[in-house]
Each structure stands twice: as structure tokens, then as C-alpha cells.
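One structure is given below, encoded as C-alpha cells.
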Amino acid sequence: MENIIRTLRAEQGWSQAALAEQLDVSRQSVNAIETGKYDPSLPLAFAIARLFGKSIEEVFQDPAAPASKAAE
Amino acid sequence: MAQQLGFNTAKKRYQRLYWPAVAAYVAVCLGGAVIVDKDTSPIWLTGTFSVLTAAPLVFMMWLMLRHSEETDEYTRLRQLKAFARSACITLSAIWIVGSFQLWDVVPGVNVFWFGPFFLLVYGLNYCADNLFGKTV
């Protein structure tokens, strides 16, 4: 699963550690999610989206989704 | 089963009990070295110190499992993967060494040392995931 967390975090000027602190996860967790090594559970994905004031679909994208659907 | 509390709370709860357990273990080891003489001490004394030495280690294993249940999901996944791998490696080592002992190829090896071996392999596995692992 792809995501734009690194971009959103940079816009806020937060470090990985600062984001991890707000989500109450380890810094390694944030790094793993950002780099695509780990796909978060739905509750954590919702928490991330809520923190940035976005919907889950805006933060996380399914690379397997058809291009036409993604463009809608 | 303990509920997930989050990384920071789980870490604090783990460390609050971990360091006293380490202190207790060190105190018992030092106390045993001073008080117990394997050749002359009565069996009840050596037995008591055996139990006292093992107790903090058993407690720490329970603490590790509780921490895994309480911490955040990614840390839990890494810990449990490392736990499973190190358990398999340690059991394999026990079976290999045990087979050698069964056929009298090697003399007796103290079973105690498989404990530190397990923790060493666990630590290496946990770090290796950080360096090389693609988790999901």
C-alpha cells in the first residue's frame, strides 16, 4: 500500500519521532509505514488520517487499483 | 489478554518492572556466590537459591509477553516474529545438542545456557528485522 505520510509530515514540519509520539507508536513504526515495509491496521490508518485532517483514501492508495478507478 | 496501551505507556510499564527484576537477579546471583557452597551447603539451601535465581528470569519472560501485548502493533509484530524465530532456533539447538548427548558424543551441557542463547538470538533477530526486513 502506498501513502503520502512523508509528504504530509514534511508539510507539518514534524519529525518521525514527533509523529510517532502523537500516534503513540514507535519511531520505527512510522518509518516502516512511510517506506511501505508495513501496512498499518485500520484503526491506526484512521488515526493517521485523522491526525492530518484527511480521509484514509487521501493518505493511503492501493497500487493494485485500476487507474480509471483511482482517477475518479 | 492484556489490551493494547500504546508504545509509550507499554514501555514505561515494562521498564518499571524490568529493572527491579534485573536488580533482584543480580542480588540473588551475588548472594548465592557468597552464601552457597555447592560442595558443603545443604540441599534445601542450594535448592532455594536455584528457585530464587530462576524466578526473576521467569518473571522477565512473562514481562516480555505482556509488553508485546500492550505495545503498538508494529513493535508487537517485530517482537513476536523475533520470539518465534529464536524459539525455533533454540529448540533446534536443544535437539541437536540433546541428540549428541543421547549418543554420548558430547559430555553434559548445562541446560541453563540455552536461556541466554535464546535471548541472544532473540535480540539479533529483532535487530535484523530493522535492517533487512520487509514486514508486510
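Protein sequence lines, in the order shown, are assigned to chains A and B.
First residue of the first sequence? That's 1 in the numbering used here, and the numbers climb one at a time after it.
First residue of the second sequence? That's 1 in the numbering used here, and the numbers climb one at a time after it.
Here a beta-carbon is modelled for each residue, glycine too, at the ideal position from N, C-alpha and C.
Bear in mind that the values here come from a model prediction, so they are computed numbers and not experimental data.
**Message:** Under 8 Å, Cβ to Cβ, is there at least one residue of chain A near asparagine 130(B)?
**Reply:** yes
**Request:** Pick helix, strand or coil for glutamine 61(A), following the three-state DSSP scheme.
**Result:** strand
**Asked** Between the stretch 71-91 of chain B and chain A, which residues of the former have CB atoms less than 7 Å from a CB of the latter, in chain order?
**Response** Taking a C-beta cut-off of 7 Å against chain A, the contacting residues of the stretch 71-91 of chain B are Asp72, Glu73, Tyr74, Thr75, listed in chain order.
**Asked** Using a Cβ-Cβ distance under 8 Å, would leucine 44(A) count as near chain B?
**Response** yes
**Closer than 8 Å to chain B by CB, alanine 17(A)** = no
**Message:** Looking at the strands, I want to know which residues DSSP matches up with glutamate 2(A).
**Reply:** Gln61(A)
**Request:** May I have the straight-line CA-CA distance separating proline 116(B) from cysteine 29(B), to the nearest angstrom?
**Result:** 15 Å
**Request:** Report the residue from Ile96(B), Leu120(B), Leu102(B), Gly31(B) whose alpha carbon sits nearest the alpha carbon of threonine 53(B).
**Result:** Comparing Cα-Cα distances from threonine 53(B) to each of Ile96(B), Leu120(B), Leu102(B), Gly31(B), the minimum goes to Gly31(B).
**Request:** Round the Cβ separation of tyrosine 18(B) and glutamine 28(A) to the nearest angstrom and send it over; I've been treating them as touching at under 8 Å.
**Result:** Not really, about 19 Å apart at Cβ, beyond 8 Å.
**Request:** State the Cα-Cα distance for the pair alanine 24(B) and leucine 57(B), rounded to the nearest angstrom.
**Result:** 10 Å
**Request:** Can you tell me which of the three DSSP states valine 136(B) falls into?
**Result:** Only weak support is given to the placement of valine 136(B): the predicted model assigns it a pLDDT of 46, under 50, and the question is left unresolved by the model.
**Item:** Interface positions of the stretch 4-17 of chain B facing chain A (Cβ-Cβ less than 7 Å), listed along the chain
**Value:** The residues in question are Gly6, Phe7, Asn8.
**Item:** Reduced DSSP secondary structure (H/G/I, E/B, other) of serine 99(B)
**Value:** helix
**Message:** Suppose you measure from the CA of leucine 63(B) to the CA of glycine 123(B); what does that come to, to the nearest Å?
**Reply:** 16 Å
**8 Å Cβ cutoff, glutamine 28(A) in contact with chain B** = yes
**Item:** Delimiting residues of the alpha helix (DSSP H) encompassing serine 29(A)
**Value:** 27-34
**Message:** Using C-beta distances below 6 Å, list every residue in its chain close to arginine 9(A), excluding the 5 sequence neighbours before and after it, in chain order.
**Reply:** Cβ neighbours of arginine 9(A) within its own chain (closer than 6 Å, five residues either side excluded): Leu19.
**Item:** Local conformation of valine 26(B) per DSSP, three classes
**Value:** helix
**lysine 12(B), buried or exposed, once every other Cβ within 10 Å from all chains shown has been counted against 16** = Burial call: exposed.
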